[in-house]
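Asker:
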Amino acid sequence: MFAALDWVLKELTYYLSYGLTVLIRWILDLFGANPLILESSQYKGAINFFFYDTMKIFLMLSVIIFIVSIIRSFFPPERTKKLLGEGKARGFLGNIFAALLGIVTPFCSCSAVPVFIGFVESGIPLGVTFSFLISSPMVNEVALVMLWGLFGWQIALLYIATGVIVAIIAGIIIGKLKMEKYVEEYVYSMKMGEAKIENLTWNQRFRDAGHYVAEILKKIWPYVIIGIAIGAVMHGWAPAGWLAKYAGKENPFAVFVAVLIGIPLYSNAAGTIPIVKELTRLGMPMGTALSFMMSVTALSLPEMIILRKVLKPKLLAVFIGIMAATIIIIGYLFNLIIP
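Written as structure tokens, this is what we have:
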């Protein structure tokens, strides 16, 4: 089945590449430009990479997001808050439980404030709350699908493990620091109330999953296209091995620099992973590449701005510092483990 699907994708890639090349050649002839670049192996490699990976990624995204959304329908925010607030969210096990729940619970930067307030209102410890807030956006279905499709299931599982480990460690440290006083005062006085937990039928779950797939693809398709386009250019024209000179294992500061570069960037996994694929092909170790991706997805500037509404500057700075340090440590660790 997968072999047949791969054959179909390659055939479609051939015809799409041919059609686009004809169009570009016509445009170049119209302006009197030299179409010689269209005969180069770099161009052919780049254009084939772009169409094949685009179709492959969107197909995988549609299928896996549908399946994940079915699973997530059993864990709405109200049920998650209830599960964490029923005595399970205490101590080290609470951080683990919260990080694991974050994997299957929908969350984005726009919902950071209401989720945070709801957890605080339920009496969930601050460290446990952060374990959830870190795990949920970091370990998302888009990143999982794309890593699985581009690198294989081993790297996808490694990504899940690193995301959960970062969430647990960061949550434990924040909990040990006893920084509740650095949460904005109004958070403790707010009452959000209890929302009713709906019992959905399977038909409703399937319908909602279809809507969710369309909604996610509508939001992320520009990032996917841009990311794959950048990866295609690197695939076609970047000389193999050049990146290893600057971001290889021989550079002791490579992971540190990758995280610092990733923190201020505004992107998501959909736009980052195709680039990460090419970075690793060009010589960047997997640990460094994963650290870069995690810093982009878990420490994005928009989410930090939104979290500032509920966190005082000192707690926000501690959160960013712990996250960055943990991601850096994991990057170096996996550079040692993965050949």
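At position 197 of the sequence shown the residue is numbered 301 (my numbering), and the sequence of numbers has no breaks.
All C-beta atoms, glycine included, are put in the ideal place defined by N, C-alpha and C.
Keep in mind the model is a prediction, meaning the values are calculated, not measured.
(1) Quick check: what's the CA-CA separation for residue 48 versus residue 169?
(2) Verify whether the separation of the beta carbon atoms of residue 117 and residue 142 is less than 8 Å.
(3) Just to confirm, is the Cβ distance from residue 232 to residue 267 under 8 Å?
(4) Cutting at 6 Å between CB atoms, please list the residues of its own chain near residue 317, excluding the five before and the five after it.
(5) What is the DSSP secondary structure of residue 459, reduced to helix, strand or coil?
(6) Are the CB atoms of residue 332 and residue 378 nearer to each other than 8 Å?
(7) Taking 8 Å as the cut-off, decide whether the C-beta atoms of residue 336 and residue 150 are in contact.
(8) Just reading off the alpha helix (DSSP H) that residue 397 is part of, what are its end residues?
(9) Could you check what DSSP says for residue 172 in three-state terms: helix, strand or coil?
(10) Please state whether DSSP places residue 287 in a helix, a strand or coil.
(11) Going by Cα to Cα distance, which pick from 119, 436, 160 and 144 is closest to residue 390?
(12) Rounded to whole angstroms, what's the CA-CA distance from residue 328 to residue 275? Just pull it up for me.
(13) With respect to the alpha helix (DSSP H) encompassing residue 333, which residues constitute its N-terminal and C-terminal limits?
(14) I'd like to check one pair, residue 427 with residue 403: are the Cβ atoms closer than 8 Å?
(15) In the structure shown, what three-state DSSP assignment does residue 426 receive?
(16) Could you check where the alpha helix (DSSP H) with residue 360 kicks off and where it finishes?
(17) With DSSP as the reference, label residue 382 as helix, strand or coil.
Answerer: Once the coordinates are examined:
(1) The structure shown does not extend to residue 48, since the chain spans only 105 to 443, so no value can be given for it.
(2) In this structure, residue 117 keeps its C-beta atom at 8 Å or more from the C-beta atom of residue 142.
(3) no
(4) 166, 169 and 170
(5) Residue 459 lies beyond the residue range present for the chain, which begins at 105 and ends at 443; the question has no answer from this structure.
(6) yes
(7) Taking 8 Å as the Cβ cut-off, residue 336 and residue 150 qualify as a contacting pair.
(8) 390-402
(9) helix
(10) strand
(11) 436
(12) 31 Å
(13) 306-341
(14) yes
(15) Residue state, collapsed to three classes: helix.
(16) 358-366
(17) Look at residue 382 here: in three-state DSSP terms it is helix.
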